[in-house]
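Comments concern the structure below.
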Amino acid sequence: MTTENEKRIWQTVQAIPFGRVACYGQIADLAGLPGRARLVGRCLASVPKQGWQGKAVPWYRVINSQGKISLPAGSEGFIRQTQLLQDEQVVVIGNKVSLKVFQWQPDLHELLFHLDY
DNA sequence: ACCTTGACGGTTC
DNA sequence: GGAACCGCCAAGG
């Protein structure tokens, strides 16, 4: 089944633009679930491969508040995430992304216009 | 029902 | 920076 929280989180992640990243806590806040960053991580692990409602869910654009990839370093997922980010011109150096440069700064008006909840 | 485990994060030292 | 601490809470044992 799909929970309401998963819907919100997946949908919010879909709003992250190409070439930008967001952190777990940021997604939680925007999804209306403040303080629940861990939930975001869990939900991203269960994203359907075919995406959600016809659109891909760019899970790899979500990293932790320190700008680091949270998957185990060297794991298959870690490698894939790094590759996908670099494919979008996001610079990953020493397992780190500069949030200063690449963090998504959403336009709240536009975001509220697109989200369903 | 109880305990542990996380793709986490803010605070504090 | 970084480490210890605490808050968070859905799943799985």
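Read in order, the letters of the first sequence correspond to residues 64 to 180 in the working numbering.
We put the CB at the ideal spot given by N, CA and C, even for glycine.
Using a 10 angstroms sphere on the CB of Q116, the tally of other CB atoms stays under 16, which defines it as exposed. DSSP places W167 in the coil class of the three-state scheme, outside both helix and strand. Contact annotation: V110 and V160 have beta-carbon atoms that are not nearer than 8 Å. In this structure A94 is not in contact with T65, their Cβ atoms being roughly 14 Å apart against a cut-off of 8 Å.
When C-alpha distances from G104 are compared across G88, K112 and A119, the shortest belongs to G88. By the C-beta density criterion, P121 is buried, having at least 16 other C-beta atoms within 10 angstroms. Look at the beta carbons and you see the stretch 123-131 touching the stretch 141-156: at least three pairs across the two are nearer than 8 Å. For V160, there is no enclosing alpha helix (DSSP H), since its DSSP letter is neither H nor E.
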